[in-house]
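Written below as C-alpha coordinates is the structure these notes are about.
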Amino acid sequence: MKATTMLVGVLALAATPMRAEELRLDEIAWPGINSYCSFRRAGHVFAFDDPATWRFVFFSNLPMMGRPDPIETPFVSIDGQLTQLTQTGMETTGFETTRRYVAKTDPEVAVEVFFREKGSGAEATAYEGTITASRNSQSAKVDFIGDCGV
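Going by this note's numbering, the first residue of the sequence shown is number 147, and it counts up by one from there.
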(Lines of atoms letter the chains of each structure in order from A and count residues from 1; the text may use other names and numbers.)
(Lines give C-alpha, C1' and ligand atoms only; values in the text may rest on other atoms or scores of the structure.)
Protein backbone atom coordinates (compact mmCIF):
# COMPACT_ATOMS: atom_id res chain seq x y z
CA MET A 1 0.00 0.00 0.00
CA LYS A 2 2.82 2.40 0.88
CA ALA A 3 4.56 1.71 -2.46
CA THR A 4 1.28 2.32 -4.32
CA THR A 5 0.81 5.67 -2.54
CA MET A 6 4.37 6.73 -3.43
CA LEU A 7 3.88 5.67 -7.05
CA VAL A 8 0.65 7.69 -7.29
CA GLY A 9 2.47 10.70 -5.80
CA VAL A 10 5.33 10.40 -8.30
CA LEU A 11 2.92 10.04 -11.22
CA ALA A 12 0.95 13.10 -10.04
CA LEU A 13 4.17 15.10 -9.82
CA ALA A 14 5.22 13.99 -13.31
CA ALA A 15 1.82 14.99 -14.71
CA THR A 16 2.07 18.51 -13.24
CA PRO A 17 2.95 20.86 -16.09
CA MET A 18 6.28 22.59 -15.67
CA ARG A 19 6.04 26.36 -15.75
CA ALA A 20 7.86 27.65 -18.81
CA GLU A 21 10.58 30.18 -18.16
CA GLU A 22 9.43 33.74 -18.82
CA LEU A 23 10.40 35.16 -22.21
CA ARG A 24 13.15 37.77 -21.77
CA LEU A 25 14.77 40.43 -23.91
CA ASP A 26 18.19 40.84 -22.31
CA GLU A 27 21.02 43.30 -22.71
CA ILE A 28 24.08 42.48 -24.79
CA ALA A 29 27.28 43.68 -23.12
CA TRP A 30 29.75 44.36 -25.92
CA PRO A 31 32.34 47.10 -25.23
CA GLY A 32 33.69 48.58 -28.44
CA ILE A 33 31.10 46.95 -30.70
CA ASN A 34 31.44 48.10 -34.30
CA SER A 35 27.78 48.18 -35.31
CA TYR A 36 25.63 50.29 -37.61
CA CYS A 37 22.47 50.41 -35.47
CA SER A 38 22.85 50.22 -31.69
CA PHE A 39 19.86 50.56 -29.38
CA ARG A 40 20.01 50.55 -25.58
CA ARG A 41 17.29 50.54 -22.94
CA ALA A 42 15.54 53.89 -22.64
CA GLY A 43 17.05 55.68 -19.68
CA HIS A 44 20.37 53.83 -19.93
CA VAL A 45 23.20 56.35 -20.03
CA PHE A 46 25.92 55.52 -22.57
CA ALA A 47 29.44 56.89 -22.10
CA PHE A 48 31.86 56.11 -24.93
CA ASP A 49 34.86 55.90 -22.58
CA ASP A 50 33.11 53.64 -20.03
CA PRO A 51 33.01 49.98 -21.20
CA ALA A 52 30.46 49.14 -18.47
CA THR A 53 27.88 51.27 -20.32
CA TRP A 54 28.23 49.40 -23.64
CA ARG A 55 25.00 47.41 -23.10
CA PHE A 56 22.54 47.09 -25.95
CA VAL A 57 19.14 45.50 -26.59
CA PHE A 58 19.46 45.53 -30.40
CA PHE A 59 22.27 45.97 -32.90
CA SER A 60 22.99 45.46 -36.59
CA ASN A 61 26.23 44.91 -38.46
CA LEU A 62 27.81 47.47 -40.74
CA PRO A 63 26.51 47.61 -44.32
CA MET A 64 28.59 45.78 -46.93
CA MET A 65 28.44 46.16 -50.71
CA GLY A 66 26.46 43.37 -52.35
CA ARG A 67 24.90 42.17 -49.08
CA PRO A 68 21.35 42.70 -47.75
CA ASP A 69 20.73 45.73 -45.53
CA PRO A 70 21.92 44.68 -42.03
CA ILE A 71 18.74 46.09 -40.45
CA GLU A 72 16.99 43.11 -42.11
CA THR A 73 19.07 40.67 -40.00
CA PRO A 74 19.83 42.39 -36.67
CA PHE A 75 20.68 40.80 -33.32
CA VAL A 76 18.93 40.75 -29.93
CA SER A 77 19.39 38.65 -26.81
CA ILE A 78 16.44 36.34 -26.15
CA ASP A 79 16.53 34.41 -22.88
CA GLY A 80 20.24 35.15 -22.52
CA GLN A 81 21.17 33.92 -26.02
CA LEU A 82 22.52 36.21 -28.74
CA THR A 83 20.00 35.67 -31.54
CA GLN A 84 19.97 36.84 -35.14
CA LEU A 85 16.60 37.92 -36.50
CA THR A 86 15.23 37.68 -40.04
CA GLN A 87 12.92 40.44 -41.26
CA THR A 88 9.48 39.28 -42.38
CA GLY A 89 7.75 42.63 -42.98
CA MET A 90 7.96 46.40 -42.69
CA GLU A 91 5.64 49.43 -42.71
CA THR A 92 6.67 53.09 -42.71
CA THR A 93 4.52 56.14 -42.07
CA GLY A 94 6.29 59.48 -41.94
CA PHE A 95 9.03 59.25 -39.31
CA GLU A 96 7.77 55.95 -37.86
CA THR A 97 8.66 52.44 -38.99
CA THR A 98 7.55 49.05 -37.74
CA ARG A 99 9.69 46.06 -38.68
CA ARG A 100 8.63 42.49 -38.04
CA TYR A 101 11.17 39.75 -37.54
CA VAL A 102 11.35 36.08 -36.62
CA ALA A 103 13.97 34.40 -34.47
CA LYS A 104 14.57 30.85 -35.69
CA THR A 105 14.65 29.47 -32.15
CA ASP A 106 12.76 26.46 -30.84
CA PRO A 107 10.02 27.50 -30.55
CA GLU A 108 10.24 30.49 -32.90
CA VAL A 109 9.98 33.97 -31.42
CA ALA A 110 8.20 36.79 -33.29
CA VAL A 111 9.82 40.19 -32.75
CA GLU A 112 8.34 43.55 -33.65
CA VAL A 113 10.44 46.71 -33.53
CA PHE A 114 8.74 50.10 -33.64
CA PHE A 115 11.15 52.95 -34.54
CA ARG A 116 10.42 56.66 -34.26
CA GLU A 117 13.00 59.01 -35.78
CA LYS A 118 14.12 61.64 -33.27
CA GLY A 119 16.57 63.57 -35.41
CA SER A 120 19.39 63.11 -37.85
CA GLY A 121 22.78 64.51 -38.66
CA ALA A 122 25.28 64.10 -41.47
CA GLU A 123 26.16 60.50 -40.58
CA ALA A 124 23.58 59.16 -38.10
CA THR A 125 19.87 59.11 -37.27
CA ALA A 126 18.61 58.96 -33.68
CA TYR A 127 15.67 56.71 -32.80
CA GLU A 128 13.43 55.77 -29.92
CA GLY A 129 10.91 52.97 -29.84
CA THR A 130 9.94 49.58 -28.50
CA ILE A 131 10.96 46.00 -29.10
CA THR A 132 8.28 43.40 -28.43
CA ALA A 133 9.00 39.68 -28.52
CA SER A 134 6.26 37.01 -28.50
CA ARG A 135 6.48 33.25 -28.07
CA ASN A 136 3.35 31.17 -27.62
CA SER A 137 1.37 33.07 -24.97
CA GLN A 138 4.38 34.92 -23.54
CA SER A 139 5.66 38.36 -24.45
CA ALA A 140 8.45 40.70 -23.42
CA LYS A 141 8.79 44.39 -24.22
CA VAL A 142 11.59 46.91 -23.86
CA ASP A 143 11.68 50.63 -24.66
CA PHE A 144 14.86 51.77 -26.40
CA ILE A 145 16.87 54.76 -27.60
CA GLY A 146 19.83 54.71 -29.95
CA ASP A 147 21.00 55.45 -33.45
CA CYS A 148 21.90 54.08 -36.84
CA GLY A 149 24.89 55.43 -38.70
CA VAL A 150 28.63 55.77 -38.46
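C-beta: ideal position from N, C-alpha, C; glycine also.
Asked                                                                                                               : Found
Coil, strand or helix - Ile217 by DSSP                                                                              : helix
Segment limits, beta strand (DSSP E) that includes Arg281                                                           : 270-281
Rounded C-alpha distance that separates Asp289 from Met211                                                          : 31 Å
Nonlocal neighbours in the same chain, by C-beta distance under 7 Å from Asp196, ignoring five residues either side : none
Alpha carbon of Glu167 to alpha carbon of Val222, nearest angstrom                                                  : 18 Å
Residues bridged to Val222 (per DSSP)                                                                               : Thr229
Best match in Pro214, Phe202, Thr239, Thr238 for proximity to Thr229 [C-alpha to C-alpha]                           : Phe202
Identity of the residue in Thr244, Val259, Thr199, His190 nearest Thr278 by Cα                                      : Val259
With 16 other Cβ atoms within 10 Å as the buried cut-off, status of Gly275                                          : buried
Proximity of Arg245 and Ala256 at Cβ, strictly below 9 Å                                                            : no
Which of helix, strand or coil DSSP assigns to Thr319                                                               : Because the chain is modelled from 147 through 296, residue 319 falls outside the range shown and cannot be assessed.
With 16 other Cβ atoms within 10 Å as the buried cut-off, status of Gly226                                          : exposed
Same chain, Cβ closer than 6 Å to Phe261, neighbours up to 5 away in sequence not counted                           : Thr243, Tyr273, Gly275
Per-residue DSSP class, three states only, for Ala198                                                               : helix
Through-space distance from Gly235 to Ala161, alpha-carbon basis                                                    : Note that Ala161 scores 41 on pLDDT, short of 50, meaning its location in the model is unreliable and no value can be drawn from it.
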